[in-house]
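Residue numbers (numbering that gives the first Met the number 0), protein chains in the order written: chain A, 0 to 374; chain B, 0 to 293.
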Amino acid sequence: MDARAPNDVNSLASGTWPLQWIGRWESPMQVTIENVVRTYGTTPALHGVSLDIHPGELVALLGPSGSGKTTLLRILAGLDAPTSGRVLFDGDDALKLTVQQRNVGLVFQSYALFRHMSVLDNIGFGLRVRPRIRRPARAEIKRRALELLDLVQLSGLEKRYPSQLSGGQRQRVAFARALAIEPRLLLLDEPFGALDAKVRRDLRRWLREIHDKTGHTTVFVTHDQEEALELADRVVVMSEGRIEQIGTPDEIYDEPNSPFVFSFIGESSSLPVRIEDDQVWLDSTPLGIPRGDLPNGPARLFLRPHDVEITTDSGRGVTGTIAAHRRHGAVRRVELEVGQQRNRVEIELPPALQLRSDHTIAFRPSRYRLYASAQ
Amino acid sequence: MTDAAIAPLLGPAPKATNVTTESFGVRVGLIVLAIGFLFLFLLLPLASVFVEAFRSGLGAYFDALTEPDAIAAIKLTLLVAAIAVPANIVFGLTASWAIAKFEFKGKSILNTLIDLPFSVSPVISGLIYVLLFGAMGYLGPYLQSENIQIIFALPGIVLATIFVTFPFVARELVPLMQEQGTVDEEAALSLGASGWQTFFRVTLPNIRWALLYGVVLCNARAMGDFGAVSVVSGHIRGKTNTMPLHVEILYNEYNFAAAFAVASLLALLALVTLAIKVGLEWRYSDQIAAARRH
Chain A
0 MDARAPNDVN SLASGTWPLQ WIGRWESPMQ VTIENVVRTY GTTPALHGVS LDIHPGELVA
60 LLGPSGSGKT TLLRILAGLD APTSGRVLFD GDDALKLTVQ QRNVGLVFQS YALFRHMSVL
120 DNIGFGLRVR PRIRRPARAE IKRRALELLD LVQLSGLEKR YPSQLSGGQR QRVAFARALA
180 IEPRLLLLDE PFGALDAKVR RDLRRWLREI HDKTGHTTVF VTHDQEEALE LADRVVVMSE
240 GRIEQIGTPD EIYDEPNSPF VFSFIGESSS LPVRIEDDQV WLDSTPLGIP RGDLPNGPAR
300 LFLRPHDVEI TTDSGRGVTG TIAAHRRHGA VRRVELEVGQ QRNRVEIELP PALQLRSDHT
360 IAFRPSRYRL YASAQ
Chain B
0 MTDAAIAPLL GPAPKATNVT TESFGVRVGL IVLAIGFLFL FLLLPLASVF VEAFRSGLGA
60 YFDALTEPDA IAAIKLTLLV AAIAVPANIV FGLTASWAIA KFEFKGKSIL NTLIDLPFSV
120 SPVISGLIYV LLFGAMGYLG PYLQSENIQI IFALPGIVLA TIFVTFPFVA RELVPLMQEQ
180 GTVDEEAALS LGASGWQTFF RVTLPNIRWA LLYGVVLCNA RAMGDFGAVS VVSGHIRGKT
240 NTMPLHVEIL YNEYNFAAAF AVASLLALLA LVTLAIKVGL EWRYSDQIAA ARRH
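See the structure below:
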């Protein structure tokens with residue numbers, strides 16, 4: 000693994016970072032998840048999930064609570080076992096390995112630092128519990144721990160105890176502790192969930208830098224889509240124990256393949272429409288957008304508030320009456336009542352526009368997705 | 000207009016009253032009542048033990064304590080505590096470990112059983128062993144044929160003491176371990192620690208103050224138990240009398256000075272236990288379940 004020099008002054012550890020012993024023994028690991036099912040009694044948590052994680056990739060498992068993302072992470076760690084399915088680490092069956100044998104680094108939302116040990120002892124824990132033949136000398140353990148402390152930019156705090164650290168510092172110590180065992184895979188369970196917004200943003204940037212430097216295959220679980228889209232090489236959107244979509248952040252945001260993904264990522268509004276005679280109809284108005292290859296029948300149109308154009312041609316477009324409007328940062332958000340069923344749609348308009356309640360506005364979606372729907 | 004100019008026009012400010020306290024009189028009255036109650040029912044009897052113990056002078060006091068039967072009683076008490084307390088540490092640790100870190104059928108039953116010795120009368124606690132191991136008991140004939148003596152001997156006393164002191168350690172540990180959850184242990188396992196390494200390096204240090212607290216309470220009860228031990232011991236002078244039993248014998252023989260002398264040792268044990276308990280609560284209350292219950 001080549002030692003990459005930091006490419007900007009704000010990056011980590013000045014000078015060449017001694018990457019020699021981190022991950023030098025083997026290249027980053029590939030993980031294959033095949034049809035993993037996990038049921039608790041009669042309650043299914045995972046319905047046959049399959050996923051390929053490339054070596055050195057930073058993958059986000061994104062979804063609301065109950066989506067099964069933490070269950071999947073725990074199965075990868077060895078803290079849980081699937082009811083059926085396979086998990087392969089570099090082609091070898093990982094399920095027959097115990098937690099200890101899997102050599103994965105785990106970082107928890109609650110940090111899980113050992114409160115009666117100093118920072119240095121926490122980081123060196125994984126090396127101290129090794130069987131005698133694999134255990135480095137005490138001085139060597141201390142040296143490595145100090146190096147890692149430097150990597151996470153907490154030099155000087157080695158004698159402190161966890162209760163004397165801030166949340167962000169604790170999480171970075173937890174990270175160093177996980178890196179100390181030279182893991183093949185890093186698993187992060189909502190690592191920034193317990194931190195406040197500013198610290199969370201700083202640590203996001205820091206995590207990306209660490210990943211770029213050390214190159215471990217990393218999987219992290221989050222329900223914060225902003226975090227997932229900003230950090231990950233690929234995002235796995237999950238819902239109710241199933242994978243909805245896998246893709247790069249751009250693909251997930253711009254080309255969501257299901258109503259769930261569209262509405263979960265970013266902001267969205269949706270309208271019930273009808274596909275008939277090669278046109279997309281909202282009540283009795285054709286919308287002037289192509290039907291794609293959807294069958295005739297009911298469908299749903301999804302759009303994002305900022306992807307609209309005001310149009311004067313109300314014969315082809317969506318017309319709605321203003322129900323409410325408010326300032327939203329640099330733009331104005333307008334809630335419109337549309338159609339006979341009075342569906343609500345939110346669109347974004349320039350703040351300069353003069354608006355009055357009960358005014359009607361016609362718009363056309365410039366970007367949108369159509370999905371067939373059941374009703 | 001300045002405040003100084005306005006003030007005379009408004010009259011003197013009303014006295015600020017704190018909504019959450021009582022008036023001075025009520026407060027003083029309640030404090031006097033509480034202290035009076037404590038004094039009458041707690042401090043006075045305790046003080047009188049020491050007063051009576053030294054009434055016949057220092058010489059008589061030490062004679063009472065160095066008399067062979069008294070020394071045998073003290074030794075037996077210490078021996079019983081030395082066996083019962085470690086046994087209950089092991090039982091308490093395993094029970095709370097199982098309850099707090101695992102899910103299994105019958106978990107709530109185990110939880111209830113742990114509290115059983117508290118709800119059972121101490122005399123019954125001793126009687127159950129007599130019914131089980133006594134000459135007329137279920138296992139009596141078997142034990143007699145093997146020449147094993149449990150009742151009216153050390154094993155019986157130890158068993159009865161273990162029974163009545165069992166809940167102390169477990170009750171301190173279960174709520175604390177449940178609150179701490181399994182995440183620290185999961186972290187240790189993921190770092191490569193074996194089960195035993197995790198237990199000794201992570202779990203035990205996390206509960207050490209609650210464990211010490213439970214041990215102190217367990218020890219106090221183990222040394223001072225009367226009811227259960229009285230039923231199983233047989234009161235054989237110099238052999239199966241613990242300190243509380245010895246005090247009873249001395250008192251029944253009207254040997255008050257000696258009775259109070261031995262009792263003063265038990266009272267001293269109580270005071271030392273109390274001091275350690277308060278000290279632990281004060282420093283480590285956040286890590287001790289009982290303090291939270293108060």
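Just so you know, even glycine gets a beta-carbon here, dropped at the ideal spot from N, CA and C.
Small disclaimer: the values here were computed from a predicted structure and weren't measured.
Separation of residue j from residue i, as counted between CA atoms
i      : j      : result
B/G125 : B/L265 : 21 angstroms
B/L75  : B/S232 : 11 angstroms
A/I180 : B/S189 : 10 angstroms
A/F88  : A/G167 : 31 angstroms
A/L126 : A/I140 : 7 angstroms
B/S95  : B/M176 : 7 angstroms
A/Q339 : A/D282 : 7 angstroms
A/D7   : A/A59  : Since pLDDT at A/D7 reaches only 35, below the 50 mark, its modelled position is unreliable, and the value read off the structure follows with that caveat. Taking the straight line joining both Cα atoms gives about 26 angstroms.
B/N254 : B/V246 : 9 angstroms
B/F259 : B/F132 : 34 angstroms
B/L268 : B/A219 : 7 angstroms
B/L270 : B/L41  : 12 angstroms
A/V330 : A/P190 : 33 angstroms
A/Q163 : A/L145 : 18 angstroms
A/G62  : A/L71  : 12 angstroms
A/S269 : A/P54  : 38 angstroms
A/Y160 : A/L185 : 24 angstroms
A/L286 : A/R326 : 28 angstroms
A/P248 : A/E254 : 10 angstroms
B/M242 : B/V79  : 11 angstroms
A/D195 : A/S165 : 11 angstroms
A/R23  : A/A44  : Per-residue confidence for A/R23 stands at a pLDDT of 44, beneath the threshold of 50, marking its modelled position as unreliable; the derived number appears in the next sentence. Approximately 37 angstroms, taken between the alpha carbons.
B/F165 : A/Q152 : 49 angstroms
A/I21  : A/R183 : Here the model assigns A/I21 a pLDDT of 42, short of 50, so the residue's position is not dependable and the matter cannot be decided.
B/N146 : B/V201 : 45 angstroms
According to DSSP, residues forming a beta bridge with residue i
i      : result
A/G40  : Paired residues: none, contrary to the question.
A/R233 : A/V58
A/F88  : A/V30 and A/D91
A/A323 : A/E334
B/T20  : Its beta-bridge partners do not exist; DSSP assigns none.
When the options are compared against residue i, the one with the closest alpha-carbon
i      : options                           : result
B/S116 : B/I248, B/L158 and B/E66          : Residue identity check: residue 116 of chain B is Pro in the sequence provided, not Ser. Closest option to B/P116, Cα to Cα, is B/L158.
A/H291 : A/T216, A/S26 and A/L300          : The amino acid occupying residue 291 of chain A in the given sequence is Gly; His does not appear at that position. Cα-wise, what sits closest to A/G291 is A/L300.
A/T216 : A/P161, A/L187 and A/V118         : A/L187
A/H46  : A/A175, A/S83 and A/R73           : A/S83
A/L178 : A/L75, A/S117, A/V234 and A/N102  : A/N102
A/E229 : A/K68, A/D201 and A/E254          : A/D201
B/G223 : B/D114, B/L37, B/N240 and B/A134  : B/N240
B/V173 : B/A152, B/Y141, B/F162 and B/I206 : B/I206
A/F124 : B/A192, B/V215 and B/E280         : B/A192
A/L119 : A/V333, A/D92, A/L156 and A/R233  : A/L156
B/I287 : B/D68, B/G180, B/A257 and B/Y212  : B/Y212
For residue i, three-class secondary structure by DSSP
i      : result
A/G22  : Legend: pLDDT at A/G22 = 43, less than 50; position of this residue unreliable, value from coordinates given subsequently. Note: A/G22 maps to coil in three-state DSSP.
A/R176 : helix
A/L112 : coil
A/R137 : helix
A/L194 : coil
A/N376 : Residue 376 of chain A lies beyond the residue range present for chain A, which begins at 0 and ends at 374; the question has no answer from this structure.
B/Y137 : coil
A/L369 : strand
B/R220 : helix
B/A12  : coil
A/F301 : strand
A/Q278 : strand
B/R200 : helix
A/L184 : strand
Nearest-angstrom Cβ-Cβ length linking residue i and residue j, presumed shorter than 8 angstroms
i      : j      : result
B/D183 : A/A111 : 5 angstroms
B/L249 : B/V261 : 7 angstroms
A/R343 : A/A322 : 7 angstroms
A/T320 : A/E345 : Between A/E345 and A/T320 the Cβ distance is about 14 angstroms, and since that is not below 8 angstroms, they are no contact.
A/R73  : A/D79  : 4 angstroms
A/S66  : A/G240 : 7 angstroms
A/I122 : A/R176 : 5 angstroms
A/V235 : A/I245 : 5 angstroms
Residue i Cβ short of 8 angstroms to the ligand ATP heavy atom set
i      : result
A/E181 : This structure does not include the ligand ATP; it has no bound ligands of any sort.
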